[in-house]
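Here the numbering used here runs 812 ahead of the position in the sequence shown, where the first position is 1. Step one of this worksheet: look at the structure below.
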Amino acid sequence: MGNGASARSQAEPLSDLRDVLENTLFSETEIERIGELYKGGLDAILGVLLPMPILPRILQWFRDQARSGEEELTIEQVVYLLDTLHPHQSLENKRDLAWSVYDGDGDGMVSQRDLVGILRHILPALTLNKHEVLARRALEKFPGNQVKKEEFSSILPDAQLINMFTRLVL
């Protein structure tokens, strides 16, 4: 993963700190810390989040959502991403992020292909064949071997969701 923000000499200022404070679980001090990490580029932020095998998939989803024409995330996007991973964030918000990340192609269903993509991140030591077998087994009880959003908690129980999508960042 590249260091998209390494050329920064100083952190971009947040456009409206008050808005970020009102809409996230972070304190002003924590947001300032994120800004300091942001100066060092995405790799500095990744360093605090690792080990988090699914992080590359989460970052890609955020980049796809931004569609700003830029490869790197803005400081605001980073703060809101980290807010979703905050230990005190609601289970519902974490599940919404998880659904978006798992539904890699955005078709409203988690298919075997989507699940294999996730398994490749969280179980990189396994072979592609083993990923496919695991995904097929996880999805075989669902019609069409695909999971709808309302069935999602059956393949990603709350405890596993919290473990995968929660990081104490600062």
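Ideal Cβ positions, reconstructed from N, Cα and C, are used throughout, including at glycine. Note that the structure is a prediction, hence the values are computed from the model and not measured.
One thing to note: T841 has its Cβ no nearer than 8 Å to the Cβ of V891. Annotation: L909 to T896 spans about 8 Å, alpha carbon to alpha carbon. Within a 10 Å sphere around the beta-carbon of E884 sit 16 or more other beta-carbons, which makes this residue buried. Cα atoms of T939 and R949: separation of roughly 16 Å, rounded to the nearest angstrom. K906 is not bridged by DSSP to any residue. For L973, the closest C-alpha among the options N941, W873, I866, E952 is that of I866. In its chain, beyond the 5 residues on either side, H943 have a beta carbon closer than 7 Å to the beta carbon of R932. Less than 8 Å divides the Cβ of R869 from the Cβ of I930. In the displayed model, K851 falls within a helix according to three-state DSSP. Distances from the alpha-carbon of H898 to those of I846, I934, S923 put I846 closest. Spatial neighbours of W911 in its own chain (CB-CB distance under 6 Å, excluding positions within 5 residues in sequence) are listed in chain order as K961, F964. Here DSSP, grouped into helix, strand and coil, assigns K953 to coil.
In this structure S923 does not touch Q877 by the C-beta definition: roughly 20 Å separates them, more than the 8 Å allowed. Just measuring C-alpha positions, the residue of L935, L833, S839 sitting nearest M864 is L935. As a beta-bridge residue in DSSP terms, V922 pairs with V959. Under the three-state reduction of DSSP, R979 is assigned to coil, being neither helix nor strand. In this structure, L849 places its C-beta atom within 8 Å of the C-beta atom of V860.
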